[in-house]
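Participant: Got a structure for you, written out below as structure tokens; questions coming shortly.
Number of protein chains: 2
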Amino acid sequence: MKIMKEREKKTELLFETALELFAAYGYKKTTVDDVAARLSMTKGNLYFYVKNKKDLYEKTVNHALNQWKAAGQKAMESETDVVSQFRSMAIAAIEYIENNPTLRQVLMNDPSIFTISANEDRFRKTNESAMAILKAVLEEGVRQNIFYPMDVDHISEYLYSVYIMFLIKRYVKSESSSSKTMFREALELTIRGLVMSPVTTTAAQTTSKGGKS
Amino acid sequence: MKIMKEREKKTELLFETALELFAAYGYKKTTVDDVAARLSMTKGNLYFYVKNKKDLYEKTVNHALNQWKAAGQKAMESETDVVSQFRSMAIAAIEYIENNPTLRQVLMNDPSIFTISANEDRFRKTNESAMAILKAVLEEGVRQNIFYPMDVDHISEYLYSVYIMFLIKRYVKSESSSSKTMFREALELTIRGLVMSPVTTTAAQTTSKGGKS
DNA sequence: TCCTGAACAATTTAACGAAATGTTCAAAAG
DNA sequence: CTTTTGAACATTTCGTTAAATTGTTCAGGA
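Chain order of the listed sequences is P and L. Under our numbering, residues 17 to 229 are what the first sequence spells out, in order. Under our numbering, residues 17 to 229 are what the second sequence spells out, in order.
This is how it looks when you write it as structure tokens:
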């Protein structure tokens with residue numbers, strides 16, 4: 017499918033290997049020696065690929081997050097209408113992590129991966145590009161008069177946050193509830209809140225002012 | 017308004033004082049001596065009111081959370097229809113914390129107050145009783161055929177989690193976005209997802225199956 | 001371009017006494 | 001009987017050290 021240069025293949029192997037070790041031992045307990053040894057190279061040589069240990073970790077996690085994002089995007093692109101695109105993207109992303117215990121473990125070891133706080137950079141770019149995909153779907157839905165008019169920047173950020181919250185509840189802490197069915201129910205509730213009724217009225221700015229008795 | 021016994025008044029003062037100190041210095045840096053001194057008593061006497069330092073902290077935070085909850089409940093009870101009840105409760109809760117920098121600071125110092133994870137008890141009971149109020153509104157809305165039929169346990173937990181997520185985003189981390197307007201937009205989106213269209217059709221089990229072309 | 005291995009720098013760990021803080025309780029005050 | 005005191009006691013933190021581990025650099029070689 018993909019043609020890859022020798023260098024890329026090696027780098028990819030590096031990230032996959034490192035991810036397994038970070039998952040198994042956590043950031044602190046995995047030594048750069050551990051990673052180098054698993055790849056049958058010396059630790060000195062690792063510094064040919066990454067700047068330092070922190071850089072190794074960030075590149076490794078970024079690599080994993082990008083694959084995750086790609087899975088959601090692929091599912092989205094296989095649908096034609098925006099509602100299905102929205103739904104499939106959400107479901108695919110959940111199923112990806114469901115089937116990826118290694119990445120899940122890394123998230124459990126370091127929940128701050130999702131932080132997106134202003135001061136920290138780290139994975140902001142990756143998170144933002146995932147949000148951008150979501151935003152594009154929302155924009156298209158609004159353009160087609162299928163979704164309510166909205167501030168797509170705010171709502172995409174909001175929905176992304178809700179999605180992250182779900183992930184944390186379900187996979188980082190493993191809470192009693194927050195089951196898969198709960199995710200589906202919340203997803204359908206959200207879609208109802210997004211989608212205008214089949215009758216495409218233009219500019220339905222009903223801020224629900226009129227109290228129905 | 018409220019008639020209080022001497023003992024209750026003193027306990028209340030204790031919690032208010034402790035909250036200020038925990039807000040200013042954090043759990044670790046506030047000594048029981050600090051709290052006792054501020055109340056002009058010896059630290060030994062504090063142990064007449066609480067079991068130990070941890071207990072002092074938990075009772076203090078619980079006291080504050082309960083007042084917060086009461087503010088939301090009061091706002092809810094002043095409305096007559098479920099949609100307004102839902103909306104007012106959410107808005108009142110946000111405004112309460114908006115106007116309460118001390119409690120806000122305590123939450124910033126210790127975000128795990130909201131955790132509700134299975135292993136930890138701490139504030140579970142308080143959180144659960146807040147969720148119960150929300151759940152009651154949802155149940156009433158479903159009963160009156162104003163809200164879509166739903167699993168109220170799942171959806172109330174979901175909505176409570178979304179609410180907590182907002183609080184954390186806005187007050188614990190202080191993120192660039194997640195503004196007040198974003199909260200309002202998300203609230204309206206949620207209400208649209210909850211409320212059936214004015215035409216009260218019975219058992220609208222539309223799982224959005226029919227693809228609209 | 002990629003890799004080695006040894007030198008060097010930085011961080012972590014363990015140990016330990018001193019200081020600070022948390023907790024208990026007999027006795028006293030109200 | 002309830003509330004408070006104050007000193008004794010228990011526990012945890014802090015500051016300091018030295019050794020061990022781990023991270024990083026780099027001259028040189030495949």
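Even for Gly, the Cβ is constructed at its ideal location relative to N, Cα and C.
Relative to the C-alpha of residue 189(L), which residue among 105(L), 127(L) and 161(L) is closest?
Facilitator: As a position in the second sequence, residue 189(L) is number 173, starting the count at 1. Closest option to residue 189(L), Cα to Cα, is 127(L).
Participant: Using only the alpha-carbon positions, how far apart do residue 53(P) and residue 140(P) sit?
Facilitator: On the first sequence, residue 53(P) is found 37 positions in, with the first residue counted as 1. On the first sequence, residue 140(P) is found 124 positions in, with the first residue counted as 1. For residue 53(P) and residue 140(P), the distance between alpha carbons rounds to 31 Å.
Participant: Applying a beta-carbon distance threshold of less than 8 Å, which residues of chain L neighbour residue 166(P)?
Facilitator: Position 150 of the first sequence holds residue 166(P). Chain L residues near residue 166(P): 201 and 205.
Participant: Is there a C-beta anywhere in chain L that falls below 8 Å from the one on residue 179(P)?
Facilitator: If you number the first sequence from 1, residue 179(P) lands on position 163. No, residue 179(P) does not count as interfacial toward chain L.
Participant: For residue 99(P), name the three-state secondary structure that DSSP assigns.
Facilitator: In the first sequence, counting from the first residue as 1, residue 99(P) sits at position 83. In the structure shown, residue 99(P) sits in a helix (DSSP, three-state: H, G or I).
Participant: Check whether chain P comes within 8 Å of residue 186(L), counting only Cβ atoms and requiring the distance to be less than that.
Facilitator: The residue given as residue 186(L) occupies position 170 in the second sequence. No, residue 186(L) lies away from the interface with chain P (no Cβ there is under 8 Å from its Cβ).
Participant: Considering residue 27(P), what are the terminal residues of the alpha helix (DSSP H) in which it resides?
Facilitator: Counting from one through the first sequence, the residue named residue 27(P) turns up at place 11. It spans 22-45 - the alpha helix (DSSP H) in which residue 27(P) sits, taken as one unbroken run.
Participant: Pull the bridge partners of residue 307(L) from the DSSP assignment, please.
Facilitator: Residue numbering for chain L in the displayed model covers 17 to 229; residue 307(L) lies beyond these limits and cannot be assessed.
Participant: Could you check which residue in 169(P), 170(P), 171(P) and 154(P) has the C-alpha nearest to that of residue 163(P)?
Facilitator: If you number the first sequence from 1, residue 163(P) lands on position 147. Here the closest residue by C-alpha is 154(P).
Participant: Does the Cβ-Cβ distance between residue 176(P) and residue 210(P) come in under 8 Å?
Facilitator: The sequence position of residue 176(P) within the first sequence is 160, counting from 1. The sequence position of residue 210(P) within the first sequence is 194, counting from 1. Going by C-beta atoms, residue 176(P) is not nearer than 8 Å to residue 210(P).
Participant: Within 10 angstroms of the Cβ of residue 60(L), are there 16 or more other Cβ atoms? Answer buried if so, exposed if not.
Facilitator: Here residue 60(L) is taken as the residue at index 44 of the second sequence, counted from 1. With fewer than 16 other Cβ atoms within 10 Å, it is exposed.
Participant: Please go through the same chain and pick out, in chain order, the residues whose beta-carbon is closer than 7 Å to the beta-carbon of residue 66(L), but skip the five residues on each side of it.
Facilitator: Taking the second sequence and counting its residues from 1, the one referred to as residue 66(L) is at position 50. Once the five neighbours on either side are set aside, the close Cβ partners of residue 66(L) are 72 and 75.
Participant: Within the 8 Å Cβ cut-off, does residue 210(L) reach chain P?
Facilitator: In the second sequence, residue 210(L) corresponds to position 194, counting from 1. Interface residue, yes.
Participant: When Cβ atoms are compared, which residues of the segment 44-69 of chain L fall closer than 8 Å to chain P?
Facilitator: Cβ contacts with chain P come from no residue of the segment 44-69 of chain L.
Participant: Mind checking residue 96(P): buried by the 16 CB within 10 Å criterion, or exposed?
Facilitator: By one-based count along the first sequence, residue 96(P) stands at place 80. Classification of residue 96(P): exposed, given that the 10 Å Cβ count is below 16.
Participant: In chain P, which residues lie with their C-beta within 9 Å of the C-beta of residue 171(L)?
Facilitator: Counted from its first residue, the second sequence places residue 171(L) at position 155. Near residue 171(L) (Cβ distances below 9 Å), the residues of chain P are 198, 201, 202 and 205.
Participant: If I measure Cβ to Cβ from residue 27(L) and keep anything under 7 Å in the same chain, skipping five residues before and after, which residues do I get?
Facilitator: As a position in the second sequence, residue 27(L) is number 11, starting the count at 1. Within the same chain, residue 27(L) has close Cβ partners 65.
Participant: Can you give me, in chain order, the residues of the segment 106-124 of chain P that have a beta carbon less than 7 Å from any beta carbon in chain L?
Facilitator: The segment 106-124 of chain P vs chain L, Cβ under 7 Å: nothing.
Participant: Does any residue of chain L have a CB that is nearer than 8 Å to the CB of residue 213(P)?
Facilitator: Counting from one through the first sequence, the residue named residue 213(P) turns up at place 197. By this cut-off, residue 213(P) is an interface position.
Participant: Would you tell me roughly how many angstroms separate the C-alpha atoms of residue 216(L) and residue 208(P), rounded to the nearest one?
Facilitator: Taking the second sequence and counting its residues from 1, the one referred to as residue 216(L) is at position 200. Taking the first sequence and counting its residues from 1, the one referred to as residue 208(P) is at position 192. Summary for residue 216(L): the model assigns pLDDT 40, below 50, so the residue's position carries little reliability; its value from the coordinates is reported in the next sentence. C-alpha separation (whole angstroms): 16 Å.
Participant: Taking the alpha helix (DSSP H) that residue 183(L) falls in, what are its first and last residues?
Facilitator: Along the second sequence, one-based indexing puts residue 183(L) at 167. First-last of the alpha helix (DSSP H) with residue 183(L): 168-183.
Participant: Identify the contact partners of residue 41(P) in chain L, using a Cβ-Cβ distance below 9 Å as the criterion.
Facilitator: What you label residue 41(P) is simply residue 25 of the first sequence in a count that begins at 1. What residue 41(P) touches in chain L: nothing, since even the nearest Cβ is about 22 Å away.
Participant: Apart from the five residues on each side of it in sequence, which residues of its chain come closer than 6 Å, Cβ to Cβ, to residue 79(P)?
Facilitator: Taking the first residue of the first sequence as position 1, residue 79(P) is located at position 63. Here the set comprises 31.
Participant: Find the residues of chain P that neighbour residue 176(L), judging by a C-beta separation of less than 7 Å, and give them in chain order.
Facilitator: On the second sequence, position 160 is the one that residue 176(L) refers to. Ordered by position in chain P, no residue passes the 7 Å Cβ test against residue 176(L), which lies about 11 Å from the chain.
Participant: May I ask you to report which of helix, strand or coil DSSP gives residue 55(L)?
Facilitator: On the second sequence, position 39 is the one that residue 55(L) refers to. Three-state result, residue 55(L): coil.
Participant: Thinking just about the alpha-carbon of each residue, which of 94(L), 124(L) and 82(L) is nearest to the one in residue 142(L)?
Facilitator: Start at 1 with the first residue of the second sequence, and residue 142(L) comes out as number 126. When only C-alpha atoms are compared, the closest one is 82(L).
Participant: Considering only residues of the same chain and omitting the five flanking positions on each side of residue 58(P), which have a CB-CB separation below 8 Å?
Facilitator: Walking along the first sequence from the start, residue 58(P) turns up at place 42. The residues are 52.
Participant: DSSP three-state label for residue 190(L), please.
Facilitator: Translated into the one-based positions of the second sequence, residue 190(L) becomes position 174. The answer is coil: DSSP assigns residue 190(L) none of H, G, I, E or B.
Participant: Could you compute how far the alpha carbon of residue 29(P) sits from the alpha carbon of residue 22(P)?
Facilitator: In the first sequence, residue 29(P) corresponds to position 13, counting from 1. In the first sequence, residue 22(P) corresponds to position 6, counting from 1. Distance between the alpha carbons of residue 29(P) and residue 22(P): 11 Å.
Participant: What is the DSSP secondary structure of residue 112(L), reduced to helix, strand or coil?
Facilitator: Mapped onto the second sequence, residue 112(L) falls at position 96. Helix.
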